[in-house]
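Here's the structure we're looking at; comments come further down.
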Amino acid sequence: LNKPEYTKHLEYHPVGMAEIMHFMMDMMMTELVFIAVGSILLILLTLALLFRSFSGMVWPTLLVVITTLWVIGGVGWTGMEMSSMVSILVYVILAVGVADAVHILSGYLFFRNQGEAHERALRSTFRKSGLACLLTSITTSIGLTALLFVPIVPIQTFGLFASIGVLLALGFTIFLLPLMLDLWSPFSKKRAASVVQGGKPHVVQRVLRLVEPLSHRYPWTVTLVFSVMGAVLLVGAFRIHVDSNLVNIIKEGASLRTTYELVDRVMSGTNNMQILINANQTDALRDPKMLKAMADLQRHLEEIYPHLVTRTHSLVDITKDSFRALNEGRQEMYRLPEDPAVLGNTLFMFNNANPKDRRRVVTDDYAMGQISVSLRNAGSHEYSQVIAAVEAWATQRFAPLQTNYPDLEVGVTGTLALMMKLTDYISWSQIKSFGLALVVISVLLLLVFGSVRAGLVALFPNLFPILSIFGLMGWLGIPLDTDTLLVAPITIGIAVDDTIHFLTHYRTEVVQHGDLKRAVIQSFRETGQAITFTSIILSLGFLIFLFSSHNGLSNFGVMSAVAFFVAVFADLFLLPSLCLLTGLRFGQEPEPVRAGHTREPTV
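The following block contains the structure:
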């Protein structure tokens, strides 16, 4: 076939699970370098625009690069397999790791702009943000560690090493960043405070000053708007369904997807399932009634699912072919013999002529046989519906035969059926892992802030990004798969970081002077810039997965970016509003705000 006269006309199109795995590995190795380098360049560019300082750009990036090298080295030394998850691991460490550095560096710049000297600004920053950084790293690590309960080794490995990477990034930030700022600070350590204060405010700061009143003047309005949006998104979330498609995760135009589409279009499909008929009784499949039931099941499949089923094959087809051949090849004889003796003779003749082909469809004792069903590619949701319908209809059709064959069993088996059950099991395991992460993080928030009220106030803004993802996917008809389900535990672990930073500053202010509105304003000013910076970095960074050939990773990137974009609004507007409306005082007597009555700050 390699001769020139053949190669001009023949094209090779390999399909199957092995080819999909080969394609995924090639894609991972090709895109890993692009994603890693692209992420670093994007982080550098974003930091340069946000901090307008070379040291503010270089130091956070260097910290996360060091962390990433440590983690990837750890994966290599342990010999664990990562598959395509290594791409997500690299970026999660880069993006989450830089968040701690951004919070510390942003706090340092804030206090320098307040007129504090270098060393005093560092102390003020760690006094205000040190505990918050520790807590955020712990919650993020918990969210990622929850993935250990998903029964897929690559996802478990990802969760383990991503959580380790988050804690390593915190350690490097605490111990190395102050030394780095000593070596090279965005401001001269000897520069007078008045000179530092004279700079032009960053565009982010100017925008935050414009929207700041929304965080404390209109708490009822803000809460109402978020409530209405939440109700709409909740309806959409109930419309969502789980659906995985190993072929459609490859982007259109890719060679492997084109091959699958070609085979589905011009041949008998790219998937196959088997229906097993086990009578547990010798010679049961020599019974004309048994073969008639099998023929009815095959015809039912071909008539009900013509868009999906391309071909069925079983002992029924072999029997019809043999009976026609024994009757001079007349087309009207292409049928099942009704006489048991004639049927037995037909099967005897075929077995003598071709025993190997007979063994592919029925056992030697004729107690068990199978129907092979060729299928076009579809998603797990549709396949699962077909499998459930086939099992239900087969049970009904074979029920009259239970009298003669009381141990008769009929069920769908094969690789496809196993994959559908596995996909469903994995999806529900991921949902449970998100639930576990949510429970653990909620308990941690209750313990950290010391009250149920504070824990609930901290929790609601972090549920909103998750609700936004699922709600939008439901309304847009985007199904959940094993890739997009990763968004929930990762997002809840990361999004809660900014909430903790805000509430930590807020609690400090409340303890100092007890004025809730003043505490909200001061917390907004101290953390707003860092919250915005980290959200911009996270959102833009995850969008780099749009360039992946893997649709699952692309959807993961978009959904994550949407979640972090929504999270910044929830933390800057919904969270302050809830603090005011609930009169959150951390152990003191609450003074809830009535509509239209908010206290003015004392400064």
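Just so we're aligned, residue 178 is where the sequence shown starts under the working numbering, counting upward by one.
Backbone N, C-alpha and C fix where the C-beta goes; we use that ideal spot for every residue, glycine too.
Rounded C-alpha distance that separates residue i from residue j
i	j	result
D601	F527	41 angstroms
T207	F710	30 angstroms
S371	P638	In this prediction, S371 scores a pLDDT of 39, lower than 50, which makes its location untrustworthy; no coordinate-derived value is stated.
H186	K180	11 angstroms
R476	V589	16 angstroms
A195	Q451	20 angstroms
V664	F733	6 angstroms
Q868	A544	Only positions 178 to 780 of the chain appear in the structure, and residue 868 is not among them; the question remains open.
L226	H295	22 angstroms
S561	L299	58 angstroms
I736	L410	Residue identity check: residue 736 is Met in the sequence provided, not Ile. Cα-Cα distance, rounded: 14 angstroms.
V373	G413	Note that V373 scores a pLDDT of 40, beneath 50, so its modelled location is shaky; the value from the coordinates is reported in the next line. For V373 and G413, the distance between alpha carbons rounds to 49 angstroms.
I646	A740	6 angstroms
G546	L513	16 angstroms
E559	V539	29 angstroms
I677	H727	34 angstroms
F200	P532	38 angstroms
F742	I713	7 angstroms
E686	T350	25 angstroms
G375	L387	With a pLDDT of 41 at G375, under the threshold of 50, the modelled position of that residue is not reliable, and the figure given next carries that caveat. Looking at the two C-alpha atoms, the distance is approximately 20 angstroms.
Q797	L599	No answer is possible for residue 797: it lies beyond the span of the chain, which begins at 178 and ends at 780.
Y189	L439	11 angstroms
V192	L485	18 angstroms
G336	I667	9 angstroms
In DSSP terms, what residue i is bridged to
i	result
M450	V550
L657	V419
E586	N455
M545	N455
V539	G546
I427	H727
Residue closest to residue i, alpha-carbon to alpha-carbon, out of the options
i	options	result
Q699	I713, Y683, F719, G250	Y683
Y482	F626, L492, N457, S551	S551
F626	L224, L308, Y268	L308
A614	Y268, T316, V267	T316
I721	L218, E559, L353	L218
G705	D748, N529, L715	D748
V745	F641, V697, I220, V687	F641
T238	P331, K466, D277, F211	D277
D516	R463, L282, R535	R463
P133	V493, T487, K694, G648	No answer is possible for residue 133: the residues shown for the chain start at 178 and end at 780.
Y285	D660, L224, L358, G274	L358
R383	R702, R442, G760, C756	R702
G215	A738, F741, L761, S725	S725
N581	K466, V380, E429	K466
L478	V567, T435, S392, L578	V567
A408	G691, W652, H690	W652
S340	L353, L324, I427	L324
C310	D541, V617, E586, V273	V273
G342	V327, T302, I265, V405	I265
| query | Does the segment 335-348 come close enough to the segment 241-254 that 3 or more CB-CB pairs lie under 8 angstroms? | reply | By the C-beta criterion, the segment 241-254 is judged to be in contact with the segment 335-348, since at least 3 inter-stretch pairs fall below 8 angstroms.
| Contiguous alpha helix (DSSP H) assignments of at least 4 residues, all confined to the segment 603-650 | Complete alpha helix (DSSP H) runs here, min 4: none at all.
| request: Kindly confirm or deny that the segment 585-595 and the segment 605-613 touch, where touching means at least three C-beta pairs closer than 8 angstroms. | output: no
| query | At a cut of 8 angstroms, does the segment 554-568 reach the segment 432-451 through at least three beta carbon pairs? | reply | yes
| message | If we require 3 or more residues per run, which beta strand (DSSP E) segments fall completely within the segment 474-501? | response | Given a length threshold of 3 residues, each whole run of the beta strand (DSSP E) inside the segment 474-501 is given here in chain order: 486-490.
| message | With three or more beta-carbon pairs closer than 8 angstroms as the criterion, would you say the segment 645-659 touches the segment 413-422? | response | Because the criterion of three Cβ pairs below 8 angstroms is met, the segment 645-659 and the segment 413-422 touch.
| Does the count of Cβ pairs from the segment 315-335 and the segment 668-688 closer than 8 angstroms reach three? | yes
| message | Closer than 8 angstroms is the cut-off here; do at least three beta carbon pairs connect the segment 712-719 with the segment 352-364? | response | no
| request: Could I get the ranges of all uninterrupted alpha helix (DSSP H) runs contained in the segment 695-745, with 4 residues as the minimum, in chain order? | output: none
| said: Quick test of the definition: if touching needs 3 or more C-beta pairs under 8 angstroms, does the segment 750-764 touch the segment 393-406? | reply: yes
| said: Extract the residue ranges of the alpha helix (DSSP H) inside the segment 205-249, only unbroken runs of 4 or more that lie entirely within it. | reply: none
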